[in-house]
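Shown next, in structure tokens, is the structure this report addresses.
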Amino acid sequence: MTRSTPPAWLESFQARFSRVLRAPLDRSGGALRDRRDDYSSEACADVAAGEPALERARLAVYNRQYWFRLLDALQRELPLTHRLLGSWAFNGHALGFLEQRAPAQRDLATAADGFAAFLEARAAGEGAAARALAQAARIDEAFRSVLRAAEPPPFVPTAEALAQLESARLVRSPAVRFIEEDRPLLELRAAPYEGERPLPLPPALPAPRSWVLCSTAESYRLVPLEPAQARFFELLAAHTVGHALSLLERTQASEPALAGHVQRWLAEGMRLNLWSGISR
Amino acid sequence: MNDLPKPSRVLLSAALSGLLSGAACDSSSSSPAAEAHGDGGAPRITASRLEPDMTLERFTADCDAQRGMVELHAHCGGVNTCQGFSYDDATHALTEHTCRGLNTCSGYSCVVPDES
Chain A
24 MTRSTPPAWL
34 ESFQARFSRV
44 LRAPLDRSGG
54 ALRDRRDDYS
64 SEACADVAAG
74 EPALERARLA
84 VYNRQYWFRL
94 LDALQRELPL
104 THRLLGSWAF
114 NGHALGFLEQ
124 RAPAQRDLAT
134 AADGFAAFLE
144 ARAAGEGAAA
154 RALAQAARID
164 EAFRSVLRAA
174 EPPPFVPTAE
184 ALAQLESARL
194 VRSPAVRFIE
204 EDRPLLELRA
214 APYEGERPLP
224 LPPALPAPRS
234 WVLCSTAESY
244 RLVPLEPAQA
254 RFFELLAAHT
264 VGHALSLLER
274 TQASEPALAG
284 HVQRWLAEGM
294 RLNLWSGISR
Chain B
4 MNDLPKPSRV
14 LLSAALSGLL
24 SGAACDSSSS
34 SPAAEAHGDG
44 GAPRITASRL
54 EPDMTLERFT
64 ADCDAQRGMV
74 ELHAHCGGVN
84 TCQGFSYDDA
94 THALTEHTCR
104 GLNTCSGYSC
114 VVPDES
């Protein structure tokens with residue numbers, strides 16, 4: 024099927040209306056306000072209102088709804104970051120991001136693609152609160168990735184693959200992400216929240232906590248990892264199995280039960296479908 | 004990185020063993036616990052009791068004592084990975100079961116691997 028070229032008048036109308044929709048909102052007065060006075064007179068003339076002020080008011084309805092719907096979508100996609108920042112600050116970041124990268128997909132959730140990286144870049148190296156913000160954005164992005172990933176079939180290693188294990192890599196499943204937190208952010212993510220004010224930044228944990236987040240058929244599963252186990256899984260993500268084991272032996276040489284730990288950690292990883300295969 | 008020494012044979016064998024022992028746990032396969040129950044290996048809840056004072060810390064300690072692995076469930080039942088025991092934080096029911104997918108609702112589970 025071929026699509027005919029739209030008439031020039033329609034393209035022109037859509038361009039004018041699109042500019043109205045995407046006109047950035049004004050945050051300077053402590054509230055999000057449209058800039059209706061900046062709408063082009065040509066766009067206003069498209070509205071059959073008969074009265075200039077009413078034309079702009081009608082266009083402003085669409086302009087505000089465009090932004091509010093997007094802000095709502097981003098708040099839903101990054102609920103932890105929203106709780107940590109509160110609505111006003113979150114929306115400020117979101118508007119900055121959306122002005123740089125207007126969504127172009129039908130799926131509204133994809134409007135948040137790249138927002139976590141945008142927040143991490145903004146938060147780089149600016150104290151404890153900024154570090155928490157970057158960590159929160161990474162956690163929200165981990166949930167987004169896992170919940171949208173298709174769970175691969177269970178990995179059943181073949182004898183041939185296992186014979187080459189030392190020089191092979193375990194391929195992480197797309198439905199799995201590792202999470203590290205310096206503060207109890209996962210609890211904060213699940214906390215009731217009605218929006219507006221930021222939730223207090225929880226105090227730092229005595230030691231960082233590591234988790235693995237896996238998708239399931241209906242939801243997701245969070246499994247805490249021992250620090251050494253988390254370190255081992257990081258090594259496996261970056262190196263061949265042989266190199267990862269060598270590095271582990273070098274750093275954990277004084278651990279007498281290391282072999283037992285490795286066996287248990289890998290067995291647990293297999294039960295959780297952490298890996299989708301082996302690559303050379 | 005290529006100058007790294009090879010891992011010890013003990014550690015490599017442990018890795019192989021871990022990958023193999025963890026490879027099979029699904030609801031269609033019978034577990035030793037289910038077999039021992041004499042029901043032909045059908046997945047089932049084998050015990051249930053109320054534990055209104057259960058906490059995640061106590062559950063984790065009980066799970067560690069059995070060399071198990073704790074899982075947190077955000078939503079309702081049917082999502083535990085494998086045999087073990089599960090705590091339903093809405094009804095306070097602690098259940099023991101033989102297979103995956105047998106936790107009752109939100110809360111946490113302890114996966115207790117076979118001794119092999």
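Protein sequence lines correspond, in order, to chains A and B. Residue numbers for the first sequence follow the working numbering, so the first one is 24 and each next one is one higher. Residue numbers for the second sequence follow the working numbering, so the first one is 4 and each next one is one higher. Note that beta-carbon positions come from the ideal geometry of N, C-alpha and C, so glycine has one too.
Q: Can you give me the Cβ contacts of A:Val-169 inside the same chain, cut-off strictly under 8 Å, excluding the 5 residues immediately before and after it?
A: Residue numbering aside, residue 169 of chain A sits at position 146 when the first sequence is read from its first letter. Answer for A:Val-169: Ala-198, Val-199, Arg-200, Leu-236, Cys-237, Ser-238, Tyr-243, listed in chain order.
Q. How would you list, in chain order, the residues of chain B whose beta-carbon sits under 7 Å from the beta-carbon of A:Ser-269?
A. Your numbering for residue 269 of chain A matches position 246 in the first sequence. Near A:Ser-269 (Cβ distances below 7 Å), the residues of chain B are Leu-7, Pro-8, Lys-9, Pro-10.
Q.
Is there a Cβ of chain B sitting closer than 8 Å to that of A:Trp-288, yes or no?
A. On the first sequence, position 265 is the one that residue 288 of chain A refers to. Closer than 8 Å to some Cβ of chain B, the Cβ of A:Trp-288 qualifies, so yes.
(Q) What would DSSP say about B:Ala-96, mapped onto helix, strand or coil? (A) Along the second sequence, read from residue 1 onward, the residue named residue 96 of chain B stands at position 93. Three-state DSSP puts B:Ala-96 in a strand.
Q. Since A:Val-235 is in the beta strand (DSSP E), which residue starts that stretch and which ends it?
A. Here residue 235 of chain A is taken as the residue at index 212 of the first sequence, counted from 1. Note, A:Val-235: beta strand (DSSP E), 232-238.
**Q.** chain B residues whose Cβ lies nearer than 7 Å to that of A:Ala-282
**A.** To locate residue 282 of chain A, count along the first sequence from 1; it is residue 259. Result: Val-13, Leu-14, Ala-17.
Q: For B:Asp-65, verify whether its CB is less than 7 Å away from any heavy atom of the ligand ADP.
A: This structure lacks the ligand ADP, and indeed carries no ligand of any kind.
Q. Would A:Gly-292 be called buried (16 or more neighbouring beta carbons within 10 Å of its own) or exposed?
A. Within the first sequence, numbered from 1, the residue matching residue 292 of chain A stands at position 269. Under this definition A:Gly-292 is a buried residue.
Q: Take A:Val-43 and list the residues in its own chain whose beta-carbon comes closer than 6 Å to its own, dropping the five residues that flank it on each side.
A: Looking up residue 43 of chain A in the first sequence gives position 20. Within the same chain, A:Val-43 has close Cβ partners Tyr-62, Ala-66, Leu-82, Asn-86.
Q: Assuming A:Leu-107 contacts A:Leu-222 (C-beta within less than 8 Å), just tell me the rounded distance between them.
A: Numbered from its first residue, the first sequence carries residue 107 of chain A at position 84. Numbered from its first residue, the first sequence carries residue 222 of chain A at position 199. Right, their Cβ atoms sit about 7 Å apart.
Q) Any contact of the segment 280-294 of chain A with the segment 17-26 of chain B, i.e. 3+ C-beta pairs under 8 Å? A) yes
Q) In this structure, what does DSSP give as the bridge partners for B:Ala-50? A) Translated into the one-based positions of the second sequence, residue 50 of chain B becomes position 47. DSSP output for B:Ala-50 lists B:Glu-99 as bridge partner(s).
Q) Where DSSP assigns a beta bridge to A:Gly-150, which residues make up the other side? A) Start at 1 with the first residue of the first sequence, and residue 150 of chain A comes out as number 127. The partner list for A:Gly-150 (beta bridge, DSSP) is empty, contrary to what the question assumes.
Q: Would you mind sorting A:Leu-248 into buried or exposed? The rule is 16 or more other CB atoms within 10 Å of its CB.
A: Walking along the first sequence from the start, residue 248 of chain A turns up at place 225. Burial call: buried.
Q.
Taking contact to mean 3 or more Cβ pairs, one atom from each stretch, closer than 8 Å, check whether the segment 265-272 of chain A and the segment 145-158 of chain A are in contact.
A. no
Q. Name the chain A residues that come within less than 7 Å of B:Ser-20, Cβ to Cβ?
A. Taking the first residue of the second sequence as position 1, residue 20 of chain B is located at position 17. Near B:Ser-20 (Cβ distances below 7 Å), the residues of chain A are Gln-286.
Q: Go ahead and pull the three-state DSSP assignment for A:Glu-219.
A: Along the first sequence, read from residue 1 onward, the residue named residue 219 of chain A stands at position 196. Three-state result, A:Glu-219: coil.
Q.
Going by C-alpha to C-alpha distance, which of A:Gln-252, A:Ser-233, A:Leu-211, A:Ser-302 sits closest to A:His-284?
A. Counted from its first residue, the first sequence places residue 284 of chain A at position 261. Closest by alpha carbon: A:Gln-252.
Q. Can you tell me whether B:Leu-53 is buried or exposed, with buried defined as 16 or more other CB within 10 angstroms of its CB?
A. Within the second sequence, the letter at position 50 stands for residue 53 of chain B. Under this definition B:Leu-53 is an exposed residue.
Q | Extent of the continuous beta strand (DSSP E) to which B:Met-72 belongs | A | Working through the second sequence from its first residue, we reach residue 72 of chain B at position 69. Looking at the DSSP string, the run of the beta strand (DSSP E) that includes B:Met-72 is 72-76.
(Q) Excluding the 5 residues flanking A:Ile-202 on each side, which residues of the same chain have their C-beta closer than 6 Å to its C-beta? (A) Residue 202 of chain A sits at position 179 when you count from the first residue of the first sequence. Once the five neighbours on either side are set aside, the close Cβ partners of A:Ile-202 are Ile-162, Ala-165, Trp-234, Leu-236.
Q) Using the rule of at least 16 other Cβ atoms within 10 Å of the residue's Cβ for burial, across every protein chain shown, is B:Gly-110 buried or exposed? A) The residue given as residue 110 of chain B occupies position 107 in the second sequence. The residue is buried, with at least 16 neighbouring Cβ atoms inside 10 Å.
Q: Go ahead and pull the three-state DSSP assignment for A:Leu-248.
A: Within the first sequence, the letter at position 225 stands for residue 248 of chain A. Note: A:Leu-248 maps to strand in three-state DSSP.
Q: Pull out every residue of the segment 61-77 of chain B whose Cβ sits closer than 9 Å to any Cβ of chain A, in chain order.
A: Thr-63, Arg-70, Met-72, Val-73, Glu-74, Leu-75, His-76, Ala-77
Q.
Can you tell me whether A:Thr-104 is buried or exposed? The criterion is at least 16 other CB atoms within 10 Å of its CB, across all chains shown.
A. Indexing the first sequence from 1 puts residue 104 of chain A at position 81. Answer is buried; the Cβ neighbour count reaches 16.
Q. In or out: A:Val-84 buried (at least 16 other Cβ within 10 Å) or exposed?
A. Reading the first sequence from its first residue, position 61 is the one you call residue 84 of chain A. A:Val-84 comes out exposed.
Q: Taking only the alpha-carbon atoms, compute the straight-line gap between B:Ala-27 and A:Pro-177 and give it to the nearest angstrom.
A: For this step, residue 27 of chain B is matched to residue 24 along the second sequence. For this step, residue 177 of chain A is matched to residue 154 along the first sequence. With a pLDDT of 48 at B:Ala-27, under the threshold of 50, the modelled position of that residue is not reliable, and no figure is offered here.
Q) Excluding five sequence neighbours on each side, which residues of the same chain lie with their C-beta closer than 7 Å to the C-beta of B:Ser-32? A) Indexing the second sequence from 1 puts residue 32 of chain B at position 29. Model confidence at B:Ser-32 stands at a pLDDT of 39, short of 50, so the residue's coordinates are unreliable; what they give is reported in the following sentence. Once the five neighbours on either side are set aside, B:Ser-32 has no close Cβ partner at all.
Q: Give, in chain order, every unbroken run of the alpha helix (DSSP H) that is at least 4 residues long and sits entirely within the segment 111-189 of chain A.
A: 138-146, 150-171, 182-186
Q: Report the option in A:Arg-195, A:Pro-215, A:Leu-211 whose CA atom is closest to the CA atom of A:Phe-256.
A: Translated into positions along the first sequence, residue 256 of chain A becomes position 233. Looking at the Cα atoms, A:Arg-195 is the closest of the given residues.
Q. So what's A:Val-84 in DSSP terms, helix, strand or just coil?
A. Counted from its first residue, the first sequence places residue 84 of chain A at position 61. Correct three-state label for A:Val-84: helix.
Q | Buried versus exposed, by CB contacts within 10 Å (16 or more), B:Leu-15 | A | What you label residue 15 of chain B is simply residue 12 of the second sequence in a count that begins at 1. Per the 10 Å Cβ criterion, buried.
(Q) Could you tell me the alpha carbon to alpha carbon distance between A:Leu-118 and A:Ala-71, rounded to whole angstroms? (A) Residue numbering aside, residue 118 of chain A sits at position 95 when the first sequence is read from its first letter. Residue numbering aside, residue 71 of chain A sits at position 48 when the first sequence is read from its first letter. About 30 Å.
Q.
Give the list of continuous alpha helix (DSSP H) stretches no shorter than 4 residues that lie fully inside the segment 249-283 of chain A.
A. 250-261, 264-274
Q) Does any C-beta atom of chain A lie closer than 8 Å to the C-beta of B:Ser-24? A) Numbered from 1 along the second sequence, position 21 holds the residue referred to as residue 24 of chain B. Yes, B:Ser-24 lies at the interface with chain A (some Cβ there is under 8 Å from its Cβ).
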